[in-house]
Every structure is written in C-alpha cells, then in structure tokens.
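So the sequence shown is numbered by full-length UniProt numbering: it starts at 1 and just counts up by one.
Taking it in order: structure first as structure tokens, then the write-up.
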Amino acid sequence: MDPLSELLGLLKPQSYASGGVAIGREMAIQWPEHAGIKCYAVVSGHCWLSVEGIEGPVKLNAGDCYLLPPGPSFVIATDLHAAPVNFAILREARLLDQGVLGGGEEECFLVGGHFVLTGHHAGLLLGSLPPVVHIQQEADKAAMRWSLERMAQEVREPLPGGSLIAQQLAYMMLIQALRLHLHEAKKSGVGWLFALADKQLSTALACMHNNPEQRWTLDNLATHVGMSRSAFARHFKDTVGSAPIEYLTHWRMLLACDRLKNSADSIARIAISLGYESESAFGKAFKRVIGCSPRQHR
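Now the structure itself:
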C-alpha cells in the first residue's frame, strides 16, 4: 500500500456530512469554525468562497473543487453584497432539504463532504495544506468530472443506498483532490504530503512504511535512495519538517496506536513488530510521542 493510502487508512476519515447544496441568487451562507476537512465541488453555476482571515474571496466556477482543512468560519455566496445567513439557522429551520436555499431560481449547486480525521497525528496530512486548496485547472477538473457528476446524480435522484454511495463518492473526491493538489504544488509545497512527489523521499517513506520493524538508520536510508547522508538528512527535513528517524518514530507510534485499539496483540508483540528490542524501550518511545503509556492508550 502506498504511504498516502496507508495514512488515510490509519486516520480513518469519518464522513460527518456528505451530499449537495443548492444556493439561490443573491444569497450568502456562513458556516462556523470547523474541525476535520471539507471537500466540495461546484456542479453548476458559480459562487465565491470567503474564509475568515484570508484576504479576498475565491471565485468557484463549475467543475472547481475546494479543500478546507480545520479552520475558521467561511462564507459561500452567489452575491458578494448579500448579508450572510448563519448555516445553523438554516439547519434549525429545516431548510437544507427543501430545494434551493434562499428560494427562487438556483444559481449554484455544490456536492461534497465534511470528514473528521479520528486517528493520531492528523497533522501529518493537514499540516501540509494551505488554508484553502483551490482545484481549478482544466486537466484537474477533467480528472474529477466522473465522481462529481456521479455524486450529483445520487443527490438529485436519490435511490435506495444513495446516502452510502454519496459518502463513498465524497471520499473519492477528497483523495483525488489531495492527489491533484500534491501534483500542482509539488515544487513549492513543504510538508509530509509533498515528500510523496519527490522520487527519493517517497522511496525513503515507502521503506519506513513497508518495513517499520527494520532497524533503519540515517546511513542505510540515505544509501537506499542513492544520496549522501548529509544531503538526504537536509532534504528530508526541509521537505517533511522533521528528521528521518524522528519521522520513523512517529510513524511507528501511529501504527502502534492503531494496533492497540484494533487488535488483541500484546504490547510486547507490538513492540517487536515495530523494531523495538524490549517492551520497556517501546513504552518509553510511545509515552514520549503520544503522552501516555501503551496500556493507558489501549
């Protein structure tokens, strides 16, 4: 399994909400501060996305997609001069499932989902993202078109099982948007996500992910990717934001958290499987990174 798929699997994104929203003309809706990650795309029409603390609105045209990592409140508007209506008011009034918000003719239709990341170290992924990710290149929009149109159909023409299909399609959109953002920003991005676009760093990450039990050192990782020890260490830290062995320790602890919660393996067995010679050494590393003992976590 590739590192991005493996990390998403361990973080276990849970769909908090998925579906579509139709917004009428001269309408603006304000969403509150949020946890997790939001991924939505414009099916038809256009609108503006304004995020608190970010200068200037972002215009979203049909086919555009946006990602919002955990952050402040934001507004989706079909008219920049309209007074924003609080999303909570619309929800309490049960207006969200009654056609076009704001009444009248539909100006913009969006589909997508809001995902909460439940695993440890979500910052590995979210820390690599800017406050707003805007997918707008024509080639990128073409890559997302199938899932976007399919989800729009499920929302517009609900059939038995449609809610679950919409959730899965929203998750597919999220992964596709992450891949497209990775490709678009690979030359200037800093963070774990962008290391995947670097041939040598992605090889090093694959080594650590595929064989976490191996006694990796800075020397043998550098040799494995064909770089000098100093050049590899510097390049890894500049891109990922942490030293290679520090990253390896954090990755092992993320795996440990998952196994402690979701398997019956003993702590000693988990320790050995992650390259630790003793349960004591594993316990010290776990407490240093996670903040509690393996038994407390379990």
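From the three backbone atoms N, C-alpha and C, an ideal C-beta is built for every residue, glycine too.
Residue range of the beta strand (DSSP E) that includes residue i
i, result
"tyrosine 66", "65-68"
"leucine 129", "Premise fails: leucine 129 is in no beta strand (DSSP E) and is neither H nor E."
"histidine 46", "37-51"
"leucine 60", "58-61"
Buried/exposed call for residue i, threshold 16 Cβ in 10 Å
i, result
"alanine 139", "exposed"
"glycine 53", "exposed"
"cysteine 292", "exposed"
"isoleucine 135", "buried"
"alanine 268", "exposed"
"arginine 295", "exposed"
"glycine 19", "buried"
"isoleucine 89", "exposed"
"valine 159", "Before going further, note that residue 159 is leucine rather than valine in the sequence given. Leucine 159 comes out exposed."
"threonine 239", "buried"
"lysine 199", "exposed"
"lysine 261", "exposed"
Residue interval of the alpha helix (DSSP H) (run including residue i)
i, result
"serine 230", "229-240"
"leucine 8", "3-11"
"isoleucine 89", "87-92"
"glutamine 296", "294-297"
"leucine 205", "199-210"
"proline 244", "244-262"
"glutamine 153", "138-156"
"arginine 215", "Run containing arginine 215: none; DSSP gives neither H nor E here."
"glutamate 279", "279-290"
"isoleucine 272", "267-273"
"leucine 193", "192-195"
Residue(s) in a DSSP beta bridge with residue i
i, result
"arginine 17", "The sequence given here has alanine at residue 17, not arginine. Paired residue(s): His114."
"glycine 71", "His34"
"glutamate 106", "Gly24"
"alanine 77", "Ala28, Trp48"
Integer-rounded CB distance, given that residue j should sit under 8 Å from residue i
i, j, result
"alanine 62", "valine 43", "7 Å"
"glycine 112", "methionine 173", "6 Å"
"glycine 24", "glutamate 107", "6 Å"
"phenylalanine 194", "leucine 178", "Actually they do not touch by this definition, with Cβ atoms about 11 Å apart."
"methionine 144", "cysteine 65", "6 Å"
"glycine 45", "phenylalanine 87", "Going by Cβ atoms, the distance from glycine 45 to phenylalanine 87 rounds to 19 Å, so no, they are not a contact pair."
"glycine 36", "proline 70", "6 Å"
"threonine 249", "alanine 285", "6 Å"
"histidine 235", "threonine 203", "No, histidine 235 and threonine 203 are not in contact; Cβ-Cβ is about 12 Å, not under 8 Å."
CB contact check: residue i to chain B, cutoff 8 Å
i, result
"serine 50", "Absent from the structure is chain B; it holds one protein chain and no more."
Check whether the stretch 161-173 touches the stretch 126-140, counting contact only when three or more Cβ pairs, one atom from each stretch, lie closer than 8 Å. no
Do the stretch 204-218 and the stretch 270-281 meet, that is, are 3 or more Cβ pairs less than 8 Å apart? yes
Is it a yes or a no for the stretch 196-209 touching the stretch 231-244, going by three-plus beta-carbon pairs under 8 Å? yes
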